[in-house]
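J.: Remember, the working numbering sits 3 above the position in the sequence shown when you count from 1.
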Amino acid sequence: TNKKFIKMKNYITLLSFLMVMNLAYSQNKLQTINQIVSEAENNSQLESLAHELIDQIGPRLTGTPQMQVAHDWVVNKYSNWGIESENEQFGQWRAWERGISHIDMLSPWVKSLEGQQLSWSASTKKNGELGEVVSIPFESKEVFDDWLKTIKGKHILFGTPDISGRPDYDLKRWAKEETLEEIRRFRLTKRSRDFRNIRKTGYGFMDMMSAIENAKPASIITSAWTNSFGTNVIFSPGAYGISPETPTVDISMEDFGLLYRLVESGQKPTVNVNLQSKELGKVPTYNSLGRIEGVEKPNEYVILSAHLDSTGGGTGATDNGTGTIVMMEVMRILKKIYPNPKRTIIAAHWGAEEQGLNGSSAFVEDHPEIVENLQALFNQDNGTGRVVKINGHGFTEAYRFIGEWLEYVPSEIKNEITTTFPGVPIPRSEYEENGVIVPSGGSSDWRNFVSSGVPGFNLSSLDFSYGGYSQYHYTWHTNRDTYDKIVFDDVRDNVILVAILTYLASEEEELMPRDRRVLPINPLTGEREKWPSLRVPNRDGSEDN
4 TNKKFIKMKN
14 YITLLSFLMV
24 MNLAYSQNKL
34 QTINQIVSEA
44 ENNSQLESLA
54 HELIDQIGPR
64 LTGTPQMQVA
74 HDWVVNKYSN
84 WGIESENEQF
94 GQWRAWERGI
104 SHIDMLSPWV
114 KSLEGQQLSW
124 SASTKKNGEL
134 GEVVSIPFES
144 KEVFDDWLKT
154 IKGKHILFGT
164 PDISGRPDYD
174 LKRWAKEETL
184 EEIRRFRLTK
194 RSRDFRNIRK
204 TGYGFMDMMS
214 AIENAKPASI
224 ITSAWTNSFG
234 TNVIFSPGAY
244 GISPETPTVD
254 ISMEDFGLLY
264 RLVESGQKPT
274 VNVNLQSKEL
284 GKVPTYNSLG
294 RIEGVEKPNE
304 YVILSAHLDS
314 TGGGTGATDN
324 GTGTIVMMEV
334 MRILKKIYPN
344 PKRTIIAAHW
354 GAEEQGLNGS
364 SAFVEDHPEI
374 VENLQALFNQ
384 DNGTGRVVKI
394 NGHGFTEAYR
404 FIGEWLEYVP
414 SEIKNEITTT
424 FPGVPIPRSE
434 YEENGVIVPS
444 GGSSDWRNFV
454 SSGVPGFNLS
464 SLDFSYGGYS
474 QYHYTWHTNR
484 DTYDKIVFDD
494 VRDNVILVAI
504 LTYLASEEEE
514 LMPRDRRVLP
524 INPLTGEREK
534 WPSLRVPNRD
544 GSEDN
């Protein structure tokens, strides 16, 4: 009896000890999280990071000197915070630097046009190219071929203008219903009309563009209006089937329409296009990596993911300056509050994402040991808004981990977030915002990790008129993607979210299982969908991209 009593007493003592230990661990966890929240709210570095990256360095087009400055800036920041960091080369890229873009109409009256050179486009001679502006005739192959003989040294208007410079949402507010419907019909059918016009020339699209370029025009003038006031998408000439050897500019829809109407009325407007970019050969291209070494499980990893590069139209504030500074601020906070994580934490600032997820794809190829032992990857890449959606990307156990970790996130942040488990590898779902359908996912640097069968999660943000897929297309790849579009209160919320998720992912006892769902049948094909394949990185960007 005494032995049973002693055994029971020892069991109760052990149970009490474990309860005390669990309580102490839970209290320590909450204390750490409270410190993370306090540091993010009371000592935020976001504004200064954004100013340095976006205003001082500027656009971060792959292969430009500014992109190299950005890589070095990230590494130096981490070094100053006591975080191990490096620029890891994964390839090389065509080096190019945008200079001045002056597009001036000189007749029938004088006006400086709003616009800029397309990325990786050729420059003009030193003082520019002065010439007549002409539009492409679409009456017949004979008319088009005769026209080709006359365009050497002239500026070619590529495309036709929209019927109105007012976006749909503005027209909906003010216009009569019949006026709105007329404009909508014009816009819905414009693309098909343009393709029919191209066929009238007797050429396919690419052959038509080659024929125009072979005739040696002075420049090609485009206007990729987004249907938002003052906003144009700025891509490379290749997006229009134009080679980088022909100087190509994008101008505002208002100025494009002005030139087009003057041409059509026989006024023969002239412009001087002065583009002074530089070709700089080839340069290395990198991923910038920060690393806080784990102490208990150093060979297991949590990755913070955001691409560092941008397109060349604006200064890349919401794509992806905000994602970049979120991950940097998270690393700064964790180094201060949680300097000895259980697992190794890596911040990966990818290069050449805008040209096909190249930096992250190369990392997956080059570091199978990290991919194999990944606890979780958190990616942020769609604008300045607070995170509102997390998709399980097809991993059946993701709900158990993400769901539990979210319970520790402050309710004012957590309650904004909708989760979809198990989800699908490449989400096609959308959410509605004030009657507007906004994409919830898309493809970004998490893709190759998910394709490798390891848990990568996209932290999808509230749109804030970022979206390239909604009627409110304002900052995605445009000339308006600038510092002033950042909503820092939302970005701070994202820092708190990512920091807590990263801390808990690092502390988690087990590695997240890799079990994947059976994917649904695609109703369009009648076949079961397949897990996405790995992207092959472009490690030698030597051509127009």
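All C-beta atoms in this analysis are idealised placements derived from N, C-alpha and C, irrespective of residue type, glycine included.
1) Beta carbon of V333, beta carbon of L360: below 8 Å?
2) Buried or exposed for L109, going by 16 or more other Cβ atoms inside 10 Å?
3) In angstroms, rounded to a whole number, what distance separates the CA positions of V77 and T481?
4) Just to confirm, are H105 and V136 a CB contact at a threshold of 8 Å?
5) By the 10 Å Cβ neighbour count, where 16 or more other Cβ atoms means buried, how is G544 classified, buried or exposed?
6) Tell me where the alpha helix (DSSP H) around V453 begins and ends.
7) Excluding the 5 residues preceding and the 5 following R335 in the sequence, name in chain order all residues of the same chain whose CB lies nearer than 7 Å to its CB.
8) Expressed to the nearest angstrom, what Euclidean distance is found between the alpha-carbon atoms of N382 and H352?
9) Taking the runs of the beta strand (DSSP E) that are 3 residues or longer, which of them lie wholly in the stretch 352-410?
10) May I ask you to report which of helix, strand or coil DSSP gives D484?
11) Assuming V286 and G66 make a contact with CB atoms under 8 Å, what is their CB distance in whole Å?
12) Measuring alpha carbon to alpha carbon, tell me which of I348, R346, S455, S464 ends up nearest R389.
13) May I have the straight-line CA-CA distance separating G326 from N45, to the nearest angstrom?
14) Please give me, in chain order, every unbroken run of the beta strand (DSSP E) with length at least 3 that falls completely inside the stretch 115-202.
15) Helix, strand or coil for Q609? Go by DSSP, reduced to three states.
16) Beta-carbon separation of H74 and S291 under 8 Å?
17) Thinking T225 and F141 are a contact (beta carbons under 8 Å), I'd like their distance in whole angstroms, please.
18) Nearest CA to the CA of S167: which residue from V113, G260, G324?
19) Any idea what DSSP makes of I336, helix, strand or coil?
20) Near N437, what residues of its chain come up, given a Cβ to Cβ distance below 7 Å and the 5 sequence neighbours on each side ignored?
21) Roughly how many angstroms lie between the CA atoms of K300 and I429, to the nearest whole one?
22) Near P250, which residues of its chain fall below 8 Å by C-beta distance, leaving aside the five closest residues on each side in sequence?
23) Leaving out the 5 sequence neighbours to the left and right, which residues in its chain are closer than 7 Å to E91 when beta-carbon positions are compared?
24) Below 8 Å, can you find three or more Cβ-Cβ pairs linking the stretch 308-327 to the stretch 267-275?
25) Check the C-beta distance from K488 over to T387 and give it rounded, since I have them as a contact under 8 Å.
26) In the DSSP assignment, what are the bridge partners of L462?
27) So S82 is in the alpha helix (DSSP H); what residue range does that whole segment cover?
28) Rounded to whole angstroms, what is the Cα-Cα separation between I328 and T485?
29) Whole beta strand (DSSP E) runs in the stretch 513-547 with 3 or more residues, listed along the chain?
30) By the DSSP assignment, the beta strand (DSSP E) with F93 in it spans what residues?
31) Near F404, what residues of its chain come up, given a Cβ to Cβ distance below 6 Å and the 5 sequence neighbours on each side ignored?
32) Measure the beta-carbon distance from H396 to G459 and round it to whole angstroms, keeping in mind my assumption that it falls under 8 Å.
33) Rounded to the nearest angstrom, what separates G362 and M70 at their Cα positions?
34) I need the boundaries of the beta strand (DSSP E) containing G315, first residue and last residue.
35) Kindly list the residues whose CB is nearer than 6 Å to the CB of K219, restricted to its own chain and excluding five residues on each side of it in sequence; keep chain order.
36) Which residues in the same chain as P247 place their Cβ atom closer than 7 Å to its Cβ, once the five residues preceding and following it in sequence are excluded?
T.: Taking the definition as stated:
1) A distance of 8 Å or more separates the beta carbons of V333 and L360.
2) That one is exposed.
3) So the two alpha carbons sit approximately 24 Å from each other.
4) Remark: C-beta atoms of H105 and V136 do not approach each other more closely than 8 Å.
5) Taking every protein chain shown into account, the CB of G544 has 16 or more other CB atoms within 10 angstroms, so this residue is buried.
6) DSSP places V453 in the uninterrupted alpha helix (DSSP H) bounded by 450-454.
7) Excluding residues within five positions, the ones whose Cβ falls inside 7 Å are Q48, W84.
8) N382 and H352: Cα-Cα distance of roughly 10 Å.
9) Counting only runs of 3 or more, we get 377-382, 390-394.
10) Here D484 carries a coil assignment [DSSP, helix/strand/coil].
11) Their Cβ separation, rounded to whole angstroms, is 6 Å, which keeps V286 and G66 in contact under 8 Å.
12) When the alpha-carbon of R389 is set against those of I348, R346, S455, S464, the nearest one is in S464.
13) Answer to the nearest angstrom: the Cα atoms are 20 Å apart.
14) Under the rule that a run must span 3 or more residues, the beta strand (DSSP E) segments found entirely inside the stretch 115-202 read 118-120, 132-138, 158-160.
15) Since the displayed the chain opens at 4 and closes at 548, residue 609 lies outside it and no answer follows.
16) It is a contact, given that the beta carbons lie within the stated cut-off.
17) Incorrect: roughly 17 Å between the Cβ atoms, too far for contact.
18) S167 has its Cα closest to that of G260, out of V113, G260, G324.
19) Helix, per DSSP.
20) Reliability of the predicted coordinates at N437 is poor, the pLDDT of 42 falling under 50, and the value obtained from them is presented with this limitation in mind. Result list for N437: empty, nothing under 7 Å.
21) In this model, K300 and I429 are separated by some 30 Å (Cα to Cα).
22) Excluding positions up to five away in sequence, the list reads Q120, S124, A125, S126, T127, E132, A221, S222, I223, V276, L278.
23) Short of 7 Å from the beta carbon of E91, and not among the five residues preceding or following it, lie these beta carbons of its own chain, in chain order: Y289, N290, L292.
24) Verdict: no, contact absent.
25) Indeed they touch by this definition, with Cβ atoms about 6 Å apart.
26) Bridge partners of L462: I393.
27) From DSSP, the alpha helix (DSSP H) with S82 extends over 68-83.
28) Per the coordinates, the alpha-carbon of I328 lies some 14 Å from the alpha-carbon of T485.
29) Listed in chain order, there is nothing to give.
30) For F93, the enclosing beta strand (DSSP E) starts and ends at 87-100.
31) Same-chain partners within the cutoff: M515.
32) Yes, H396 and G459 are in contact; Cβ-Cβ is about 7 Å, under 8 Å.
33) Taking the straight line joining both Cα atoms gives about 13 Å.
34) No beta strand (DSSP E) holds G315; DSSP gives it neither H nor E.
35) Excluding positions up to five away in sequence, the list reads K155.
36) Around P247: W123, S124, A125, P240, D547.
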